[in-house]
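If you read the protein sequences in the order shown, they are chains A and B.
Numbers 1 to 111, taken from the UniProt record's numbering, label the letters of the first sequence in order.
Numbers 1 to 111, taken from the UniProt record's numbering, label the letters of the second sequence in order.
Using N, Cα and C, we set each Cβ at its ideal position, and we do this for glycine too.
Only a predicted model underlies this, so the values are computations on that prediction, with no experimental measurement involved.
Input: a single structure, listed below in structure tokens.
Number of protein chains: 2
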Amino acid sequence: MSLDHTLAALADPTRRAILQRLSGGEARVTDVAARFPISLNSVSKHIRVLERAGLVRRRVAGREHLLTLDQRPLDEVAAWVEQTRAFWSKRLDALEALLVAEDDHDHKEQP
Amino acid sequence: MSLDHTLAALADPTRRAILQRLSGGEARVTDVAARFPISLNSVSKHIRVLERAGLVRRRVAGREHLLTLDQRPLDEVAAWVEQTRAFWSKRLDALEALLVAEDDHDHKEQP
DNA sequence: GAGATATTCACCCGTTTGGGTGAATGTTGC
DNA sequence: GCAACATTCACCCAAACGGGTGAATATCTC
Numbered sequence: 001m002s003l004d005h006t007l008a009a010l011a012d013p014t015r016r017a018i019l020q021r022l023s024g025g026e027a028r029v030t031d032v033a034a035r036f037p038i039s040l041n042s043v044s045k046h047i048r049v050l051e052r053a054g055l056v057r058r059r060v061a062g063r064e065h066l067l068t069l070d071q072r073p074l075d076e077v078a079a080w081v082e083q084t085r086a087f088w089s090k091r092l093d094a095l096e097a098l099l100v101a102e103d104d105h106d107h108k109e110q111p
Numbered sequence: 001m002s003l004d005h006t007l008a009a010l011a012d013p014t015r016r017a018i019l020q021r022l023s024g025g026e027a028r029v030t031d032v033a034a035r036f037p038i039s040l041n042s043v044s045k046h047i048r049v050l051e052r053a054g055l056v057r058r059r060v061a062g063r064e065h066l067l068t069l070d071q072r073p074l075d076e077v078a079a080w081v082e083q084t085r086a087f088w089s090k091r092l093d094a095l096e097a098l099l100v101a102e103d104d105h106d107h108k109e110q111p
């Protein structure tokens with residue numbers, strides 16, 4: 001499972017901002033870097049992390065590297081989160097049901 | 001926004017496994033640690049990371065620390081992922097629509 | 001009070017991370 | 001061919017991470 005790489009990549013605000021920038025369309029490394037106060041080199045490293053996580057794909061055209069998003073790792077994250085959330089909710093619902101049942105019981109005990 | 005802490009906490013497989021363990025109900029630190037090949041001390045550190053992210057709450061009862069889940073940070077992650085996914089999809093749908101429109105145009109050009 | 005139990009605190013260690021700089025590589029355009 | 005451009009490579013640095021050990025603290029139990 002590549003959840004590790006994906007979640008780690010998403011855990012950095014600069015990288016999330018890069019993804020947001022790319023959601024506006026294909027862009028070069030330099031274009032992406034222009035919006036950040038850090039060096040082009042650091043942005044390049046962040047992009048590589050996003051690439052390793054599969055969130056960004058690179059198309060080399062001459063001296064330019066065009067970057068686009070890949071949604072699939074995000075789909076995996078969504079699937080994991082929803083599955084986990086559903087499981088936790090079920091537990092909490094069961095607990096609540098149990099408490100309500102006990103409450104009903106109490107009401108019956110006190111006419 | 002605490003997305004940073006939450007995503008970083010979730011990016012580690014041991015920590016996700018701890019959460020899974022806790023989804024089975026309240027447990028002590030030692031109980032949680034029993035399932036992992038690493039030291040109790042390391043598990044304790046992972047638990048603290050999960051606490052800092054708000055995913056786990058601790059209730060001290062005498063010498064025992066009882067741990068429970070808190071779903072809210074996971075809800076935040078779900079909200080961010082779904083919002084981002086929706087935005088990306090919209091872009092991709094728009095792109096596809098554009099391509100389809102061009103395709104239609106082509107068809108009209110070739111009777 | 002003494003010993004066992006549960007947990008954290010204070011360190012040590014090797015690796016990764018996020019930032020930086022300067023040089024190297026490859027491409028474009030004149 | 002040469003200068004400008006786009007990007008990465010190869011380093012440096014401080015901080016954080018994930019693991020470990022041993023000691024300290026607090027609580028329970030006898």
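Against chain A, does residue i count as a neighbour if the rule is that its beta carbon must be under 8 angstroms from one of theirs?
i       : result
B:ASP4  : yes
B:THR68 : no
B:ALA78 : yes
B:LEU7  : yes
B:LEU71 : Reading off the sequence shown, one finds Gln at residue 71 of chain B, where the question assumed Leu. Yes, B:GLN71 lies at the interface with chain A (some Cβ there is under 8 angstroms from its Cβ).
B:ARG57 : no
B:ARG85 : yes
B:SER42 : no
Return the bridge partner residues of residue i from the DSSP annotation.
i       : result
B:ARG57 : B:THR68
B:ALA27 : B:LEU67
Does the beta-carbon distance from residue i to residue j come in below 8 angstroms?
i                      : j       : result
A:LEU55                : B:VAL81 : no
A:VAL29                : A:ILE18 : no
residue 176 of chain B : A:ALA79 : Beyond the ends of chain B as shown, which are 1 and 111, falls residue 176 of chain B; an answer cannot be given.
B:LEU66                : B:LEU22 : no
A:GLU7                 : B:TRP88 : A small correction: the amino acid at residue 7 of chain A is Leu; Glu does not occupy that position in the sequence shown. Their beta carbons are not under 8 angstroms apart, which means A:LEU7 does not touch B:TRP88 by this criterion.
B:ARG85                : A:GLN71 : yes
Just checking: is the beta-carbon of residue i within a distance shorter than 8 angstroms of some beta-carbon in chain B?
i       : result
A:PRO13 : yes
A:LEU10 : yes
A:VAL81 : yes
A:LEU50 : no
A:SER23 : yes
For residue i, collect the residues of the same chain with a Cβ closer than 8 angstroms to its Cβ; drop the 5 residues on either side in sequence, then sort them by chain order.
i       : result
B:ARG15 : ALA9, HIS46, VAL49 and LEU50
A:LEU3  : GLU76, VAL77 and TRP80
Considering only residues of the same chain and omitting the five flanking positions on each side of residue i, which have a CB-CB separation below 7 angstroms?
i        : result
B:HIS5   : ARG52 and ALA53
B:GLU109 : For B:GLU109, the predicted structure reports a pLDDT of 43, less than 50, and the residue's modelled location is therefore unreliable. A value from the coordinates is still provided. Closer than 7 angstroms at Cβ, skipping near neighbours: no residue.
A:SER44  : VAL29
Within the same chain, show all residues whose beta-carbon is closer than 6 angstroms to that of residue i, passing over the 5 residues directly before and after it, in chain order.
i       : result
A:ARG59 : LEU66
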